[in-house]
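To start, the structure itself, in structure tokens.
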Amino acid sequence: MTTQSPSINTFPELPTAPDRVAAQAAHALGKLLFDTPECQAYLKAIKEINSDVDVQRISANIREHETALQWGKGNRLEHQAALTTLEAELEALPSVHAYHQAEKAAAQLFHAVDEVISQAAGILFAPNAKRSGCGCGG
Amino acid sequence: MLTEELNAAARLLGETLHESEAVQKYLSALVDCEADPETADLEKRMCTLYEELLARQQRGENLLRSEIDNFNALKRQVYQLPRVAEREAALTPVKAYFAEIADEINQKLGMEFPALAQAGRL
Numbered sequence: 053m054t055t056q057s058p059s060i061n062t063f064p065e066l067p068t069a070p071d072r073v074a075a076q077a078a079h080a081l082g083k084l085l086f087d088t089p090e091c092q093a094y095l096k097a098i099k100e101i102n103s104d105v106d107v108q109r110i111s112a113n114i115r116e117h118e119t120a121l122q123w124g125k126g127n128r129l130e131h132q133a134a135l136t137t138l139e140a141e142l143e144a145l146p147s148v149h150a151y152h153q154a155e156k157a158a159a160q161l162f163h164a165v166d167e168v169i170s171q172a173a174g175i176l177f178a179p180n181a182k183r184s185g186c187g188c189g190g
Numbered sequence: 609m610l611t612e613e614l615n616a617a618a619r620l621l622g623e624t625l626h627e628s629e630a631v632q633k634y635l636s637a638l639v640d641c642e643a644d645p646e647t648a649d650l651e652k653r654m655c656t657l658y659e660e661l662l663a664r665q666q667r668g669e670n671l672l673r674s675e676i677d678n679f680n681a682l683k684r685q686v687y688q689l690p691r692v693a694e695r696e697a698a699l700t701p702v703k704a705y706f707a708e709i710a711d712e713i714n715q716k717l718g719m720e721f722p723a724l725a726q727a728g729r730l
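Protein chains in written order, with the working numbering: chain A, 53 to 190; chain B, 609 to 730.
Written as structure tokens, this is what we have:
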């Protein structure tokens, strides 16, 4: 005896899982954010900072002093003074300045977007979406 | 500051999250908490004390060990209240759900949306 399988079309439509809908909404939002001038400028600034030879040189120097401090090698005060000088040197580089500016603009945009999400959700989104750390959002 | 399209997409995501079971359960637990006078009162006392201690600490004052102990005792008392415990328990799945949703945004962006959004708050 054979039983005929019902056609998929005879079944009532499956309810759409809210997770899937939210994931699609998040995906669409991510795409829109990615295309914003703020996001593009930030990604460009990251790329530039990563390929800046001065940034690489100063960062390598900073790591050397940090490692020496960590292992108690040499004079602690001298290492700390060198670190202060190097950090100031790093911050004065045009690519680093541009990076901070771009990061600030992207962060402000993301914050504004997060406020809209949180208001509609009825609960803070970003503080509760972080994978670690405090999510109290207070 | 936000374009209409971006605003609409963010609102749609927020509304979708609002409809989720996890958020609905949390919001219901939150309402229960706020409706209970004992819970609301104790939690308000805890928040007021926290802000007061934090402000003093930020002014460079050294807090007494007994003041910190008192605060921690009050905090324990608050978190042992059934309605607070229920609310906190309801928040755990919300966080897991939000982290998954944020991953969708992060993947598209190539950066951490929640961390940067929080940095923009400062």
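Note that beta-carbon positions come from the ideal geometry of N, C-alpha and C, so glycine has one too.
Item, Value
"Give the straight-line distance between the Cα atoms of A78 of chain A and Q92 of chain A, rounded to the nearest whole angstrom.", "19 Å"
"Quick check on D166 of chain A: buried or exposed, where buried means 16 or more other Cβ atoms within 10 Å of its Cβ?", "buried"
"Which of the three DSSP states is assigned to P67 of chain A in this structure?", "Note that P67 of chain A scores 49 on pLDDT, short of 50, meaning its location in the model is unreliable; the coordinates nonetheless yield the value given after this. Looking at P67 of chain A - three-state DSSP - the assignment turns out to be coil, as it is neither helix nor strand."
"By the three-class DSSP mapping on this structure, what secondary structure does F177 of chain A have?", "coil"
"Looking at the C-beta of C186 of chain A, does it have a partner C-beta in chain B at a distance below 8 Å?", "At C186 of chain A the pLDDT is 42, less than 50, meaning the model places this residue with poor confidence; the figure from the coordinates comes in the next sentence. Answer no: the Cβ-Cβ gap between C186 of chain A and chain B never drops below 8 Å."
"For a contact meaning CB atoms closer than 7 Å, what does T624 of chain B contact in chain A?", "P70, V73, A74, A77"
"How big is the Cα-Cα spacing for L625 of chain B and Y658 of chain B?", "31 Å"
"Can you give me the start and stop residues for the alpha helix (DSSP H) that N113 of chain A sits inside?", "105 to 122"
"Return the residues of the stretch 96 to 121 of chain A that lie within a Cβ-Cβ distance of less than 9 Å from chain B, sorted by chain order.", "I98"
"Counting only Cβ pairs nearer than 7 Å, list the residues of chain B close to A80 of chain A.", "A617"
"Is the CB-CB distance between E141 of chain A and I101 of chain A below 8 Å?", "no"
"Suppose you measure from the CA of G185 of chain A to the CA of L699 of chain B; what does that come to, to the nearest Å?", "Bear in mind that the predicted position of G185 of chain A carries a pLDDT of just 48, short of 50, making it unreliable; the figure below should be weighed with that in mind. Distance between the alpha carbons of G185 of chain A and L699 of chain B is about 14 Å."
"For a contact defined as C-beta to C-beta under 8 Å, what are the partners of Y634 of chain B on chain A?", "I175"
"Is the shortest distance between the beta-carbon of V148 of chain A and the beta-carbons of chain B less than 8 Å?", "no"
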